[in-house]
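Heads up, the thing below is written out as structure tokens.
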Amino acid sequence: MKNNKIVGAVALAAALLGATMLSGPSFAANVPADAKLASEQVFKYRVLDNINAIDPQIVEDVDTSSVVRSLFEGLYNSGADGEPVPGTAESYTVNADNTVYTFKIRDTAKWSNGDPVTAGDFVYAWQRAVDPATASNYAYFVGLVGVVNADDIVAGKTPVTDLGVKAIDDKTLEVTLGFSSPWFIRTLSHATLFPAPKAVIEAKGIDWTKAENIVSNGAYTLTENTPGERVVAKRNPNYWDNEHTVIEEVQWLTINDENQGLTRWRAGEVDQTDVPAGQYPALEAELPNETYSVPQFCTYYFSVNMTDKQPNPALADVKVREALSLAIDRDVIVNGVLQGGQLAAYSFTHPLTAGFTVPEIPASKMTQAERDAKAVELMTAAGYGKDKPLTINYIYNTSEAHKKIATVVSQMWQEKLGVTLNLADMEFQTLLDTRHSKTYELARNAWCGDYNEASTFLSLLDSKSEQNDQGYANADVDKWLGESKTAADPNVQYTEIEAQAVKDVPIMPIYFYAKVFMQKTNVKGWPFDDVEQNWYAKDLYKVAE
Amino acid sequence: MIAFILRRLAVAIPTLLVLVIISFILMKLAPGNPFIGEKTVPQAVLDNIYARYGLDKPEWQQLLEYVYNVVFRFDFGPSFQYRDRTVNDIIAQGFPVTFTYGAWAFLVATLVGVALGVVAAVRQNSWLDYLSVGFTVGAQVIPNFVMAPILVLVFTLWLRWLPGGGWNNGNWTNVIMPVIALATSYLASIARITRSSMLEVLGSNYIRTARAKGLPNWQVIFGHALRPALLPVVSYLGPVFVGMVTGSVVIDLYFSTGGIGQAFVNSALNRDYSTILGITILLGALTIAANLVVDILYAWIDPKIQL
Amino acid sequence: MLADRRIDTLAGAKAAPVVVVATKGRSLWMDAGRRFMRNRAALISLIVLLAVVVFTIVGPLLARWSIEKIDWSVMGAVLTKGNPSIATGHYFGTDEVGRDLYSRVIQGTQISLLVGIVGSLIAVLVGTIYGAIAGYFGGRLDSVMMRLVDIIYSIPYMFILILLLIIFGRSFIMLFVGIGLVSWLGMSRVVRGQTMTLRNREFVEAAVATGSKPLAVIFRHIVPNLLGIVVIYATLLIPEMILLESFISFLGLGVQEPNTSLGALISEGARTMQYGTIWQLAFPLAFFVVILFTFFFVGDGLRDALDPKDR
Chain A
2 MKNNKIVGAV
12 ALAAALLGAT
22 MLSGPSFAAN
32 VPADAKLASE
42 QVFKYRVLDN
52 INAIDPQIVE
62 DVDTSSVVRS
72 LFEGLYNSGA
82 DGEPVPGTAE
92 SYTVNADNTV
102 YTFKIRDTAK
112 WSNGDPVTAG
122 DFVYAWQRAV
132 DPATASNYAY
142 FVGLVGVVNA
152 DDIVAGKTPV
162 TDLGVKAIDD
172 KTLEVTLGFS
182 SPWFIRTLSH
192 ATLFPAPKAV
202 IEAKGIDWTK
212 AENIVSNGAY
222 TLTENTPGER
232 VVAKRNPNYW
242 DNEHTVIEEV
252 QWLTINDENQ
262 GLTRWRAGEV
272 DQTDVPAGQY
282 PALEAELPNE
292 TYSVPQFCTY
302 YFSVNMTDKQ
312 PNPALADVKV
322 REALSLAIDR
332 DVIVNGVLQG
342 GQLAAYSFTH
352 PLTAGFTVPE
362 IPASKMTQAE
372 RDAKAVELMT
382 AAGYGKDKPL
392 TINYIYNTSE
402 AHKKIATVVS
412 QMWQEKLGVT
422 LNLADMEFQT
432 LLDTRHSKTY
442 ELARNAWCGD
452 YNEASTFLSL
462 LDSKSEQNDQ
472 GYANADVDKW
482 LGESKTAADP
492 NVQYTEIEAQ
502 AVKDVPIMPI
512 YFYAKVFMQK
522 TNVKGWPFDD
532 VEQNWYAKDL
542 YKVAE
Chain B
442 MIAFILRRLA
452 VAIPTLLVLV
462 IISFILMKLA
472 PGNPFIGEKT
482 VPQAVLDNIY
492 ARYGLDKPEW
502 QQLLEYVYNV
512 VFRFDFGPSF
522 QYRDRTVNDI
532 IAQGFPVTFT
542 YGAWAFLVAT
552 LVGVALGVVA
562 AVRQNSWLDY
572 LSVGFTVGAQ
582 VIPNFVMAPI
592 LVLVFTLWLR
602 WLPGGGWNNG
612 NWTNVIMPVI
622 ALATSYLASI
632 ARITRSSMLE
642 VLGSNYIRTA
652 RAKGLPNWQV
662 IFGHALRPAL
672 LPVVSYLGPV
682 FVGMVTGSVV
692 IDLYFSTGGI
702 GQAFVNSALN
712 RDYSTILGIT
722 ILLGALTIAA
732 NLVVDILYAW
742 IDPKIQL
Chain C
24 MLADRRIDTL
34 AGAKAAPVVV
44 VATKGRSLWM
54 DAGRRFMRNR
64 AALISLIVLL
74 AVVVFTIVGP
84 LLARWSIEKI
94 DWSVMGAVLT
104 KGNPSIATGH
114 YFGTDEVGRD
124 LYSRVIQGTQ
134 ISLLVGIVGS
144 LIAVLVGTIY
154 GAIAGYFGGR
164 LDSVMMRLVD
174 IIYSIPYMFI
184 LILLLIIFGR
194 SFIMLFVGIG
204 LVSWLGMSRV
214 VRGQTMTLRN
224 REFVEAAVAT
234 GSKPLAVIFR
244 HIVPNLLGIV
254 VIYATLLIPE
264 MILLESFISF
274 LGLGVQEPNT
284 SLGALISEGA
294 RTMQYGTIWQ
304 LAFPLAFFVV
314 ILFTFFFVGD
324 GLRDALDPKD
334 R
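Structure representation (structure tokens):
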């Protein structure tokens, strides 16, 4: 998922509030019998940037996805703990080798204009996602999760109708995958796979997502969309589970400056906002019941250019890379700079990924002094040190938080290894361009998982992957990735791939994100245990003060 | 007068054209691409996107088609960043917002500024004068990105009088703080200019004559002194307008008004080519119009000036 | 009354011994200088401004921290440990990352002043030459040149600046070029107006009559007479340049890390205002305000001195 703001990384679930009362998988707001509901059920959520296109097959970023999740609903949703729960589909069956899934769509599922939701709506939507004419940035997602022929359709080699999805009848949907995927259900909560109202789209074209035209099948309908200011959605009475929805109205308020967001949260104008960088300890001490830190499914790391276009020959030496990575004092970064409950990262894949086993990493068990000693040793062996200093150019996108981390790391490397790190910040677009062209030396990078399974991270290490900003190519890794597509338990291969990446150091992981936010005490139902933090407004409710 | 306006309009067209071409070239030179996100998109998908938005045609053809669409159809094209809206949508939604608080800020800055300057000049060296001079110089040096958060802290958090942001379709409580934040520094500079200009005029011979003739003070000030004193103020109004357009970026960012200023900066940072061009043309046209109005005002005040 | 006074003076003069004193001639500049010195606000401002400049030169000698060294002990506890104190050597406190604010404010002041002065210089050089040529030759050339100025005036310069900074990357040179690009327009208009007034004066007629080439007339006769108005305008331009730079820093397009400017420091300080670390805003803002104040008063004083009117 596109996530260009710096939010923290992982915090331990233990310290979180006991106030949530969700037991087991729930369909919608599970309000305990003795709770007294507030009279005004409006939830106001602060977002950093403007909400982009609210079209399920086009949406890319995290915040717009939260809007789309409230307006539309896919086959399966993400439950309070991140495990899939039935959504518009009430059940599914799968064949023996996990390549053909058959879904039964609810009889009560309806669009906001009263039309029933049919399997045909899903077929239309998924075809639309891969259709070159739609030109969606997420067109590749359908192929990524395994639907047959998706990649060829995107490339224009076969017609859209060849896509591996078929409507057996109005309420039965059959999906054919190109590889064995026991985890396919987890991908269904992603917006790209939501249904789309064919009649409206064909009638209104680009204007179909405007508040006066839009038709959606989720718990809410769009009533107002003012870019730069706010998005407002109101209850959809035709939603199949409408009786469990408590929140009447959801507002997403665009507040660009996080400090401003905090001020307005204090004034009661916003119910939830992100904690400004570095303020978590002070706010936690001041308002312990309203300050939260939960693990977030993203990794922050430095990308090393592993291609032969790497301008700095020193970085081609694995000893240098390992030394640099060891010399980063991640505890200082996590506890001193970020202070939001993030976790230090010594590997790429998020440790809380469902089913994943983190391999043995010696560096994570040493003390920082031991790591520093080893780093000096490796550097000297490579032929560099304080007497023969090394200079590296690092690029990152302009932001206070990235700047702090870059400054801190440059000081660490200077003091411990005599390395001079030249910092060059640039706008996000320029950074993307430079990373993509693979002409950089060292670059800031981050990756958020799209679905709760390790391949969402590890597929980046595939030498043929478009997302492989490092240009990393290792034959064993490629082999294991191929094997994981047919293995009964792909996690075996995943652990091996991760271990190899730790040895080769194509990336220097820094920390795992945490979502650090302020939330008013009267808001209940937030999915604190979901590492992907896919929240649904229909699961929330407000109690009376 | 009509001839003057027509002449100016005739120059305006090539000006706007030059503006479009320069902007177009600059934009294409900038690295980056509106369609590349954090997740690198496969080339096949990128090709589809380029084809859809006509970016695969040669540059000169893109420029010509764009100019044609703007001039003959008033169609500024689709936004590359917001896939479900057109640039016309963005401008139609954002411009009234910026215009509302901008016009109010302009009026407040001009009227209050002039009034303050006149009072200070008439009561020169009194406590009123020192107070206003102190205030004006002070207000002129505080950047509006410092003033905005202070205003929000005071009026939203401490006093709970005004909402900290949002626009609410132009609800008056949402307009106040943006206007204050935007107008203050210009109010200050207009007051300073008015005061020094007024002082100059009040010391001139014909004013002395008017007083000698026994005219009441207020008639001297408003009937004889004010008009010529306003000349430097009027010529300053052009830069005030430009400054407010710039300042609106800060206002939009802090107060989440959804105005044109932040749409503009956002589109530059996201390489939303069509929106950048659209807003540039709009602002260029506005600046030309504002300069025209200023020149006409100038001629109206000073009868010696021939248009 | 006047006649009485004259008689009194004469009478008084008769009584005093006659001393012949060779009077020293007073040039226009000296007259202006005296008028300036008598303007207390301007004088004080000039002294304060010079004090600030001296401080930026001498200040670093007293600094105990560099502009980029992080004080690890402050990290994570800026509110309690990062406040101004003589003991820790952080005279102005530290910023959010733990860097010394004293050194950074000094550097920021240097850069902001540099930006203002260089921007103004560019405006003076380019604007004066451009405006003088347009004003002197008049007619078609003037029309075309001023049209060009009008066209450039109507371009939303902020946008062009942003694009330039994006395309060519952020560097000092780019910043100066960008700011210089917008600053000469006003100057050229003012100079042009003044030149048009001057070219009808007798000394210009004389120069032309004696066969001076047009360029020589412009540079040897007209430009020196423009100096007064140019100096005034340039001095008043500097605060605008500094404000413009602060806006650019606010947008995140200003000077590159670890260098900083007052504008960048102020926007960082404004962000952390509500958390109690007021010194992060107070010190850079104080310097910023003082510099702008003094430039305003000095500029006003220069205008009063060089262009006196009856008050």
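Residue numbers (this note's numbering), protein chains in the order written: chain A, 2 to 546; chain B, 442 to 748; chain C, 24 to 334.
Even for Gly, the Cβ is constructed at its ideal location relative to N, Cα and C.
Given the structure is predicted, the values throughout are model-derived calculations rather than measurements.
| query | result |
| --- | --- |
| Within-8 Å CB hit, Ser27 (chain A) to chain C | Legend: pLDDT at Ser27 (chain A) = 41, less than 50; position of this residue unreliable, value from coordinates given subsequently. Not an interface residue. |
| Buried or exposed by the 16-neighbour rule on C-beta atoms within 10 Å, applied to Asn138 (chain A) | buried |
| Beta carbon proximity, Asn336 (chain A) to chain C, threshold 8 Å | yes |
| The region 177-189 of chain C touching the region 448-465 of chain B, judged by at least three CB pairs closer than 8 Å | yes |
| Neighbour list for Gly99 (chain C) in chain A, Cβ cutoff strictly below 9 Å | Gly279, Pro282, Val333, Asn336, Gly337, Val338, Gln340 |
| The alpha helix (DSSP H) enclosing Ile169 (chain A), as first and last residue numbers | Element bounds for Ile169 (chain A): not the alpha helix (DSSP H) but the beta strand (DSSP E), 166-170. |
| Three-state secondary structure assigned by DSSP to Tyr385 (chain A) | coil |
| Chain A residues whose Cβ lies nearer than 9 Å to that of Thr614 (chain B) | Those do not exist, as Thr614 (chain B) stays about 12 Å from chain A at its closest Cβ, beyond 9 Å. |
| Exposed unless 16 or more other CB atoms sit within 10 angstroms - verdict on Arg224 (chain C) | exposed |
| Sequence-distant residues of its chain with Cβ nearer than 8 Å to Thr527 (chain B) (five each side left out) | Asp516, Phe517, Gly518, Pro519, Ser520 |
| Ile186 (chain A): CB within 7 Å of a non-hydrogen atom of the ligand GDP | The ligand GDP is not part of this structure, which contains no ligands at all. |
| Nonlocal neighbours in the same chain, by C-beta distance under 6 Å from Ser708 (chain B), ignoring five residues either side | Thr716, Ile717 |
| CA-to-CA distance, Gly112 (chain C) to Ala328 (chain C), given in whole angstroms | 44 Å |
| Partners in chain C for Gly725 (chain B), counting only beta-carbon separations shorter than 8 Å | Ser177, Ile178, Pro179 |
| Phe476 (chain B) at chain A interface by Cβ criterion, 8 Å | yes |
| Range covered by the alpha helix (DSSP H) that runs through Asp488 (chain B) | 484-494 |
| contact_flag[the region 266-286 of chain C, the region 570-579 of chain B] where n(CB pairs < 8 Å) is 3 or more | no |
| Neighbouring residues, chain C, relative to Asn732 (chain B) (Cβ below 8 Å) | Asp173, Tyr176, Ser177 |
| Segments of 3+ residues assigned as beta strand (DSSP E) that fall wholly inside the region 110-171 of chain A | 166-170 |
| For Thr135 (chain A), the nearest candidate out of B:Ala492, B:Val686, B:Val555 (CA to CA) | B:Ala492 |
| Of the listed residues B:Asp497, B:Ser464, B:Ile701, nearest to Val508 (chain B) (C-alpha basis) | B:Ser464 |
| Secondary structure of Arg372 (chain A), DSSP reduced to three states | helix |
| For Tyr281 (chain A), the three-state DSSP class (helix, strand or coil) | helix |
| Any chain B beta carbon closer than 8 Å to Ala232 (chain C) | no |
| Expected contact under 8 Å - CB spacing of Arg70 (chain A) and Asn535 (chain A) to nearest Å | 7 Å |
| Ser630 (chain B), buried or exposed, once every other Cβ within 10 Å from all chains shown has been counted against 16 | buried |
| Exposed unless 16 or more other CB atoms sit within 10 angstroms - verdict on Met509 (chain A) | buried |
| Residue-level contact to chain B via CB, Gln297 (chain C), 8 Å cutoff | yes |
| Cutoff 8 Å; reference Gly699 (chain B); Cβ partners in own chain excluding five residues on either side | Gln534, Gly535, Val538, Trp608, Asp693 |
| Partners in chain A for Ile490 (chain B), counting only beta-carbon separations shorter than 8 Å | Ala136, Asn138 |
| CB contact check: Leu308 (chain C) to chain A, cutoff 8 Å | no |
| Range of the contiguous alpha helix (DSSP H) that encloses Ala476 (chain A) | 476-485 |
| Cβ-based contacts, 8 Å cut-off: residues of the region 154-168 of chain A near chain B | Val155, Ala156, Gly157 |
| Members of the region 269-284 of chain C that neighbour chain A once the beta carbon cut-off is set at 9 Å | Gly275, Leu276, Gln279, Glu280, Pro281 |
| 7 Å Cβ shell around Pro390 (chain A) - same chain, five flanking residues per side excluded | Gly419, Val420, Thr421 |
| Chain B contact for Phe319 (chain C) (CB, 8 Å cutoff) | yes |
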